[in-house]
Amino acid sequence: MRKADLVSRIAEKTDIPKVDVLMTLETFFSEVKDSLANKENVYIRGFGSFVAKKRAKKIGRNIKKKEAIVIPAHYIPAFKPAKAFVNKVKDQVLVDENA
747 MRKADLVSRI
757 AEKTDIPKVD
767 VLMTLETFFS
777 EVKDSLANKE
787 NVYIRGFGSF
797 VAKKRAKKIG
807 RNIKKKEAIV
817 IPAHYIPAFK
827 PAKAFVNKVK
837 DQVLVDENA
C-alpha cells in the first residue's frame, strides 16, 4: 500500500476530502520526524512507538579504498509495534505448515 492508497481509504471511510486527509498525514509525518530529530519519542497507544535509537561509534571498511573508516555515534529512527498491533497481524496471517 502506498501513501496515495492510504489517503484514498481514509477518505472513503471518513467522508473527509482527500486533500484534507493528505494534509493531515503529511503533518503527522512531519511531527514524528521533528520529534525524533529532537530525541523525543512518540508513543501512540494501541499502535506503537517511534523512537530514536542511539548507535555507538564503530569501525567500518571502505571496500574500494581498502581502508578502515570511523563511523561516528549517531541516532536512527525505529518503530516498535504495540502488543495489540502485533496480535492483530499475527491473527490475520495464515501459516502454511507444509512449507
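All the letters of the sequence shown, read from the start, carry residue numbers 747 to 845 under the working numbering.
Idealized CB from N, CA, C, for every residue including glycine.
*For residue 793, which three-state DSSP category applies?*
Here DSSP, grouped into helix, strand and coil, assigns residue 793 to coil.
*Around the C-beta of residue 752, are 16 or more other C-beta atoms found within 10 angstroms, so that it is buried, or is it exposed?*
exposed
_Residue closest to residue 828, alpha-carbon to alpha-carbon, out of 802, 773 and 788_ = 788
*Contact under 8 Å by Cβ, residue 785 with residue 821*: Yes.
*Leaving aside the five residues before and after residue 824 along the sequence, list all residues of the same chain whose C-beta is less than 7 Å from its C-beta, in chain order.*
797 and 799
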